[in-house]
Amino acid sequence: MPAPRPALVPAPTQLTYRPGHFTLNPDTMVRITPGAEPAATLLRTLIAPATGLPLSPATDGPFVLALDPGLGGLGAEGYGLTISSDAVLLRAAHLTGLLRGIQTIRQLLPVQALANRARPGVPWRLPCVEITDVPRHAWRGFMLDVARHFQPVAFLRRYVDLLALHKLNVLHLHLTDDQGWRLPVADYPLLTEVGGRRAQSMVGPAGSGVFDGIPHEGTYTERELRDLVTYAGARGVTIVPEVEMPGHTRAALAAYPELGTAPGRRLDVWTRWGVCDTVLGVHEPVLDFCRNVLDTVLDIFPSPYVHVGGDECPTTEWVTSPAAQERIKAEGFSGTGELRGWFLGQVGDHLLGRGRIPTAWAETGEGLPPEFTVMTWRDPEHTRIALKRGHNVVSSQHSAAYLDYAQSASPAEPPAQPGLVVDLRSVHDHDPPEGPASGGELIGVQAQLWTEFAPTAGHIDYLAFPRLAALADRAWRGASPWPLARARLIAHGDRLAALGVRHGPFDPYVPVPHRFGEEST
Ligand code: ACM
């Protein structure tokens with residue numbers, strides 16, 4: 000029987016199926032060239048649970064994982080894969096390319112190969128194929144907000160695996176916000192002890208005035224985060240940490256009120272949704288605090304990019320703050336409007352001085368030094384403006400990449416961020432502008448999942464998939480006709496099901512049943 004020709008997500012840039020297949024069996028040996036050992040380890044880790052195949056390393060064998068610096072044209076993540084009836088050759092210039100190719104091999108196998116327990120009796124056939132595959136964008140990200148609703152690190156590891164399957168390479172963790180602080184900082188233990196717990200949560204959208212009366216809490220340990228970084232690194236995924244400042248800091252201010260604009264005030268960790276007026280002060284000890292927190296971040300996360308938030312920072316408190324007025328005078332500013340950019344510039348300098356790239360949400364990109372990489376989210380026009388100002392940009396448009404919006408207009412959809420529907424096609428059609436020749440560079444695209452409406456793993460799965468698969472397809476493959484992309488994504492649903500992903504609808508008008516209970520990760 001011929002091997003099926005699976006639809007791959009993301010679709011490779013060049014793919015030709017040929018007649019025949021290669022069968023993996025217990026005797027299949029894997030030959031590894033120097034430096035490719037981590038790829039062989041990942042192959043075994045991912046494939047052994049379902050197949051039971053040892054895929055033992057050997058000096059000779061029909062299955063070859065080859066690092067070849069001569070293949071520089073494939074870039075940092077590209078790979079070539081040739082499968083014939085008697086050999087498998089996966090080659091890349093860099094280890095990360097081999098890691099990407101292994102995910103393709105996984106998708107070429109029968110879907111049962113994705114199971115996390117033994118699936119005996121399945122012939123483990125790979126169709127003969129010739130693939131050359133290079134990503135369209137260098138940054139293909141997913142942001143998860145673990146501040147509004149905490150998720151344990153086991154859940155984050157599961158998402159690292161899901162991202163890697165889709166050749167997404169960034170898990171951006173939104174670690175702090177008004178409603179919770181999840182990052183341990185040795186010099187400021189109250190950040191997690193006080194800031195990691197809120198008394199209750201708002202029910203419904205911002206301003207609803209209804210609360211659930213249920214405390215919500217959670218923090219990571221340093222060990223957990225370090226292990227997550229290692230786990231992700233072995234899969235070619237970078238964890239990009241985000242610590243919000245100078246707005247979205249109510250949880251920090253509940254722990255250390257002296258960091259605010261009214262030092263004697265007692266504040267709770269915010270129980271509402273929306274934009275909070277309480278922000279950091281601009282006196283010197285606050286900058287020392289931020290530098291201290293960022294040094295902890297740098298110590299745990301090797302990511303070249305470190306995100307300092309910077310969005311939605313109301314200036315109302317700075318108008319009446321003597322320290323803010325002093326700062327405005329000392330810096331020669333015309334008013335509070337310049338303080339946000341100044342603040343981010345200060346912490347940005349700290350990161351630049353330590354060899355990292357400061358990253359922030361762009362409101363329009365204004366007021367930030369060009370060394371900042373920005374995530375444009377409000378308006379596609381902001382991408383163009385930020386590129387022109389010289390920023391490197393990750394396009395994170397809310398209208399195409401915010402997965403907290405419902406994915407269909409059906410009344411059967413579970414509660415989601417109101418105001419917009421972001422369906423599968425909108426995500427796939429997201430087409431950010433390129434930079435001008437002399438400006439910054441569009442380095443990639445990213446999906447965002449804010450979790451006001453996603454308290455459980457099941458909610459997150461439902462909102463994230465299949466839309467994240469659509470983003471991955473677009474981000475890696477670039478544009479392709481929607482009917483073909485849609486067919487690929489629907490076929491890919493078998494993989495999501497095999498992985499236990501409780502995904503949302505493939506078609507905006509055909510909602511899938513959902514049940515969100517007390518499910519575990
Ligand atoms: C944002 O959605 N406030 C970045």
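According to numbering that gives the first Met the number 0, the sequence shown holds residues 0 to 520 in order. Each residue gets a CB set at the ideal place from its N, CA and C atoms; glycine is no exception. Here the structure is a predicted model, which means the values were calculated and not measured.
Asked, Found
"Kindly give me the distance between the Cβ atoms of residue 474 and residue 443, rounded to whole angstroms, as I take these residues to be in contact under 8 Å.", "7 Å"
"Can you give me the C-alpha to C-alpha distance between residue 311 and residue 362, rounded to a whole angstrom?", "8 Å"
"What are the residues that DSSP puts in a beta bridge with residue 51?", "Answer by DSSP bridge pairing: none, since residue 51 is not bridged."
"To the nearest whole angstrom, what separates the beta carbons of residue 114 and residue 170, a pair I think is in contact under 8 Å?", "Not really, about 23 Å apart at Cβ, beyond 8 Å."
"Have a look at residue 511 and residue 459 and give me their C-alpha separation to the nearest angstrom.", "15 Å"
"When a residue counts only if its C-beta is closer than 6 Å to some heavy atom of the ligand ACM, which residues count, in chain order?", "310, 311, 360, 376"
"What does residue 394 pair with, by DSSP beta-bridge criteria?", "375, 444"
"Secondary structure at residue 154, three-state DSSP: helix, strand or coil?", "helix"
"Among 56, 23, 161, which one has its Cα closest to the Cα of residue 35?", "56"
"Taking the C-alpha atoms as reference points, what is the distance between residue 520 and residue 313?", "Per-residue confidence for residue 520 stands at a pLDDT of 40, beneath the threshold of 50, marking its modelled position as unreliable; the derived number appears in the next sentence. Approximately 36 Å between the Cα atoms of the pair."
"Excluding sequence positions up to five away, which residues of its chain have a Cβ less than 6 Å from the Cβ of residue 432?", "382, 383"
"Distance, Cα to Cα, residue 342 vs residue 205?", "27 Å"
"Does the structure place the region 412–426 close enough to the region 366–375 that three or more beta carbon pairs sit under 8 Å?", "no"
"Who are residue 21's beta bridge partners in DSSP?", "125"
"Would DSSP call residue 159 helix, strand or coil?", "helix"
"Suppose contacts are defined by Cβ-Cβ distances below 8 Å. Is residue 260 in contact with residue 320 by that definition?", "yes"
"I'd like to confirm the pairing. Which residues does DSSP put opposite residue 244 in its beta bridges?", "308"
"Whose CA, out of 79, 285, 145, 136, lies closest to the CA of residue 445?", "136"
"Taking only three categories from DSSP, how would you classify residue 302?", "coil"
"In this structure, does DSSP put residue 418 in helix, strand or coil?", "strand"
"Determine the direct distance from the alpha carbon of residue 10 to that of residue 90, and round the result to whole angstroms.", "18 Å"
"Spatial neighbours of residue 19 within its chain, please: C-beta separation below 6 Å, excluding the five flanking residues on both sides.", "84, 127"
"Expressed to the nearest angstrom, what Euclidean distance is found between the alpha-carbon atoms of residue 290 and residue 487?", "46 Å"
"If you drop the 5 nearest sequence neighbours on each side, which residues of the same chain put their C-beta closer than 6 Å to that of residue 118?", "49, 111"
"Can you tell me the Cβ-Cβ gap for residue 188 and residue 219, rounded? I've got them flagged as a contact below 8 Å.", "Contact flag wrong, Cβ pair sits at about 14 Å."
"On the DSSP bridge list, what partners appear for residue 173?", "144, 241"
"On the CB-based measure, 16 or more other CB atoms within 10 Å of its CB, does residue 29 come out buried or exposed?", "buried"
"How big is the Cα-Cα spacing for residue 79 and residue 243?", "40 Å"
"Starting from the C-beta of residue 505, find all residues in its chain whose C-beta is less than 7 Å away, skip the five residues before and the five after it, and write them out in chain order.", "423, 465, 488, 489, 492"
"Ignore the nearest five residues each way along the sequence and tell me which others in residue 400's own chain have a CB closer than 7 Å to its CB.", "426, 429, 444, 445, 446, 447, 470"
"Determine, using beta-carbon pairs with one atom in the region 61–76 and one in the region 207–215, whether at least three such pairs fall under 8 Å.", "no"
"Using the C-alpha atoms, what's the distance from residue 52 back to residue 190?", "47 Å"
"Under the assumption that residue 178 contacts residue 147 (Cβ atoms under 8 Å), give the Cβ distance between them as a whole number of angstroms.", "5 Å"
"Buried or exposed: which applies to residue 166, given that a residue is buried once 16 or more other Cβ atoms fall within 10 Å of its Cβ?", "buried"
"Mapping DSSP to helix, strand and coil, what is residue 216?", "strand"
"Taking the continuous alpha helix (DSSP H) assigned at residue 230, which residues delimit it?", "221–233"
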